[in-house]
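Per the working numbering, residue 123 is the first one in the sequence shown, and the count goes up by one each step.
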Amino acid sequence: MAPSLLAADFGRLREQVALVEEGGADLLHLDVMDGHFVPNISYGPGLIEHLRPHTKLFFDTHLMIEEPKRYAEVFANAGSDLITFHAEVTESPEDVIEHIHSLGVSAGISINPTTPVSAIERVLPDLELVLVMSIWPGFGGQAFMPEVLAKVEKLRGMLRPDQRLEIDGGINQNTIAQAVAAGVDTLVAGSAVFGKADPVEAMSDLRALAEASLTSEGRTPS
Ligand code: DX5
Ligand code: ZN
């Protein structure tokens, strides 16, 4: 479970992070938007740096920005454990991945709903995480796009067990089981966690649904 801070109350960030840590989050998903690659601006490395001392959670930074290579270093220095960039912004993803690794952090790549798996196929062995967008990036609270699940199924068959397969957008109580059944192991959820009155309870409800879906498939929850 990777709750997305984008849907949190930005005036109470420390408390909100503590809530999802208590709720059993495995990663904290941090959405960075530059107003160019996506039509919205969220937050930057300063916020991540100031949260870092207050939680032990793994920082899963999702860069929705046009120049990931230029900015990866400040996000690594701010305390990101993994940096994901978008395949759509570069012709040479291997350079960006190599640069992220040279900073001592893990690397992920993300594909938008209409970007095919073939666009990232050649770099798959070099990655720690692949992120399939199940909405158009830019805003939380959008409806899940089930048509991306065919890409999830394909990627599951191409990735090693040590590589994470993450999905992001519209994950909630109604959609989580189908995402897990398609093969994702890492689930981003913003409004389905922070938009609820009790984020701790929301986390445990989502986890229970994900585990039930895994068990019905004969896979083991981890
Ligand atoms: C959108 C972000 C998502 C967003 C998901 O561009 O990448 O991580 O926070 O929000 P929900 O879970 O509300 O769809
Ligand atoms: Zn995201």
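Ideal Cβ positions, reconstructed from N, Cα and C, are used throughout, including at glycine.
Under the three-state reduction of DSSP, which class applies to residue i: helix, strand or coil?
i: L149; result: strand
i: T183; result: strand
i: I222; result: helix
i: G168; result: helix
i: H158; result: coil
i: P215; result: helix
i: F132; result: helix
i: D307; result: coil
i: R286; result: strand
i: L251; result: strand
i: L204; result: strand
i: I298; result: helix
i: Q138; result: helix
Can you check DSSP and say which residues form a bridge with residue i?
i: F197; result: For F197, which the question treats as bridged, DSSP gives no partner whatsoever.
i: H122; result: Since the first residue of the chain shown is 123 and the last is 344, residue 122 is not available in this structure.
i: S126; result: H151
i: I163; result: D156
Rounded to a whole number of angstroms, what is the C-alpha to C-alpha distance between residue i and residue j?
i: A332; j: A198; result: 30 Å
i: E188; j: F207; result: 9 Å
i: P238; j: V218; result: 19 Å
i: H176; j: L204; result: 18 Å
i: E243; j: S214; result: 13 Å
i: D182; j: L149; result: 6 Å
i: M123; j: I298; result: 11 Å
i: E220; j: P167; result: 20 Å
i: E137; j: N234; result: 31 Å
i: A314; j: A324; result: 7 Å
i: A200; j: V211; result: 22 Å
Could you spell out the range, first to last residue, of the alpha helix (DSSP H) harbouring residue i?
i: R278; result: L271 to R278
i: E333; result: P321 to S338
i: F316; result: S313 to F316
Which word fits residue i, buried or exposed, when buried means at least 16 other C-beta atoms lie within 10 angstroms of its C-beta?
i: D131; result: exposed
i: D153; result: buried
i: I163; result: exposed
i: V284; result: Note that residue 284 corresponds to Asp in the displayed sequence, not to Val. Label assigned to D284: exposed.
i: K273; result: buried
i: D320; result: exposed
Can you give me the start and stop residues for the beta strand (DSSP E) that residue i sits inside?
i: A229; result: S228 to I233
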